[in-house]
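Student: Let me begin by handing over the structure; questions about it come next.
Residue numbers (the working numbering): 8 to 286.
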């Protein structure tokens with residue numbers, strides 16, 4: 008299933024793609040509705056942050072998250088499209104206006120399930136921003152994979168086990184060659200990122216709402232910022248897939264393209280630099 012969301016004046020237009028005809032619906036989306044959606048998004052983030060700090064998403068937190076998800080669904084998805092989603096399954100591609108990319112779409116709740124539990128969700132974003140690097144990368148054999156395990160604070164005992172488990176699984180495949188870096192430095196990642204087809208990061212990341220280009224991955228000797236990642240575009244192609252297993256990895260500001268040099272978070276940075284997929 009493919010569903011697109013775009014902002015047209017004070018309306019939110021939702022289109023469900025069909026084989027020959029597409030269904031188009033709209034909802035009011037003026038300043039009040041936009042503020043409400045932004046507030047709900049912040050509330051969802053606060054609930055997840057509480058669960059992360061407690062290392063457990065309690066029943067109370069889940070109930071709060073379901074409530075926020077239901078409110079977001081009502082605010083963003085017309086009733087006719089809600090019915091389509093409720094009976095769907097499998098892959099779901101969301102085509103999003105750049106002003107809507109910060110919405111936690113995966114956490115919309117249809118009264119039975121979160122959207123991310125009903126579908127395998129992917130996003131594309133319509134933006135005025137231009138890529139800074141080519142997306143074409145020829146993948147040879149073996150497929151080269153870099154696993155970055157970063158624990159500079161010493162408070163993520165699980166990340167080393169994660170890296171070792173990934174490497175052990177990948178070693179079973181003769182067509183794959185994996186490298187694990189347990190103390191990656193900023194210079195190491197900058198120098199070697201483009202040597203690999205897929206990069207998996209496990210560690211800490213941050214997002215700074217007032218300066219999203221300054222958020223980034225926490226490495227052994229400092230931080231590789233989103234702004235620095237975006238600047239890697241050009242020259243050799245970036246990895247096809249970047250998997251970032253770190254808190255704040257998916258946070259972003261709306262991609263409103265205030266200037267050609269604007270960067271709105273890690274996802275925005277990697278895609279601008281030329282990575283094809285960011286998870």
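For each residue, glycine too, the CB sits at the ideal point set by N, CA and C.
Pick helix, strand or coil for residue 284, following the three-state DSSP scheme.
Tutor: If DSSP states are grouped into helix, strand and coil, residue 284 belongs with the strands.
Student: Just how far apart, CA to CA, sit residue 110 and residue 60?
Tutor: So the two alpha carbons sit approximately 22 Å from each other.
Student: Using C-beta distances below 7 Å, list every residue in its chain close to residue 148, excluding the 5 sequence neighbours before and after it, in chain order.
Tutor: If we look at residue 148 and ignore the five residues flanking it on each side, its Cβ neighbours are 182.
Student: May I have the straight-line CA-CA distance separating residue 194 from residue 200, to the nearest angstrom?
Tutor: Straight-line Cα distance between these residues: approximately 10 Å.
Student: Taking only three categories from DSSP, how would you classify residue 199?
Tutor: Three-state result, residue 199: helix.
Student: Per DSSP, which one or two residues make a beta bridge with residue 54?
Tutor: Paired residues: none, contrary to the question.
Student: Can you say whether residue 17 is buried or exposed, counting buried as having 16 or more other CB atoms within 10 angstroms of its CB?
Tutor: Answer is exposed; the Cβ neighbour count stays below 16.
Student: Count the CB pairs spanning the segment 78–86 and the segment 35–45 that are closer than 8 Å, and state whether there are at least three.
Tutor: Verdict: yes, contact present.
Student: Output needed for residue 19: all residues of its chain with C-beta closer than 7 Å, excluding positions within five of it in sequence on either side, in chain order.
Tutor: Excluding positions up to five away in sequence, the list reads 12, 33, 34, 36 and 83.
Student: Tell me whether the beta-carbon of residue 263 lies closer than 8 Å to the beta-carbon of residue 106.
Tutor: In contact: residue 263 and residue 106 (Cβ atoms closer than 8 Å).
Student: Please report the Cβ distance between residue 103 and residue 133, rounded to the nearest whole angstrom; I am assuming they are in contact, meaning their Cβ atoms lie under 8 Å.
Tutor: With 8 Å as the limit, residue 103 and residue 133 qualify as a contact, their Cβ atoms being about 7 Å apart.
Student: I'd like the span of the alpha helix (DSSP H) that includes residue 86, first residue to last.
Tutor: Here the alpha helix (DSSP H) through residue 86 covers 86–93.
Student: Along the chain, which unbroken stretches of the beta strand (DSSP E) at least 3 residues long are found entirely within the segment 167–227?
Tutor: Correct list: 183–188, 205–209 and 223–226.
Student: Considering only C-alpha positions, which residue in the set 279, 261, 270 and 232 is nearest to residue 247?
Tutor: Ranking 279, 261, 270 and 232 by Cα distance to residue 247 puts 279 first.
Student: Using only the alpha-carbon positions, how far apart do residue 64 and residue 74 sit?
Tutor: Their Cα atoms are separated by approximately 15 Å.
Student: Using the rule of at least 16 other Cβ atoms within 10 Å of the residue's Cβ for burial, across every protein chain shown, is residue 268 buried or exposed?
Tutor: Result: exposed.
Student: How about residue 138: is its C-beta nearer than 8 Å to some C-beta of chain D?
Tutor: Among the protein chains of the structure shown there is no chain D, as only one such chain exists.
Student: If you compare alpha carbons, which of 243, 190, 176 and 270 is closest to residue 163?
Tutor: Comparing Cα positions, the closest option is 190.
Student: For residue 127, I'd like the list of residues in its chain whose CB is within less than 8 Å of its CB, leaving aside the five on either flank, ordered along the chain.
Tutor: 97, 98 and 99, listed in sequence order.
Student: What residue range does the alpha helix (DSSP H) around residue 10 cover?
Tutor: No alpha helix (DSSP H) contains residue 10, which is instead part of the beta strand (DSSP E) from 9–15.
Student: Under the rule that 16 or more other beta-carbon atoms within 10 Å means buried, what is residue 125, buried or exposed?
Tutor: With 16 or more Cβ atoms within 10 Å of its Cβ, residue 125 is classed as buried.
Student: With a threshold of 16 other CB atoms inside 10 Å of the CB of residue 214, please say whether the residue is buried or exposed.
Tutor: Answer is buried; the Cβ neighbour count reaches 16.
Student: Can you have a look at residue 266 and say buried or exposed, based on whether 16 or more other CB atoms are within 10 angstroms of its CB?
Tutor: Exposed, because fewer than 16 other Cβ atoms sit within 10 Å of the Cβ of residue 266.
Student: Is the separation between the beta-carbon of residue 241 and that of residue 140 shorter than 8 Å?
Tutor: Closer than 8 Å, so yes.
Student: For residue 75, report the span of its alpha helix (DSSP H) as first-last.
Tutor: It spans 66–83 - the alpha helix (DSSP H) in which residue 75 sits, taken as one unbroken run.
Student: Taking just the CA atoms, how far does residue 87 sit from residue 28?
Tutor: Rounded to whole angstroms, residue 28 to residue 87 spans 15 Å at the Cα level.
Student: Spatial neighbours of residue 250 within its chain, please: C-beta separation below 6 Å, excluding the five flanking residues on both sides.
Tutor: Contacts found: 207 and 286.
Student: Excluding the 5 residues flanking residue 123 on each side, which residues of the same chain have their C-beta closer than 8 Å to its C-beta?
Tutor: If we look at residue 123 and ignore the five residues flanking it on each side, its Cβ neighbours are 113 and 114.
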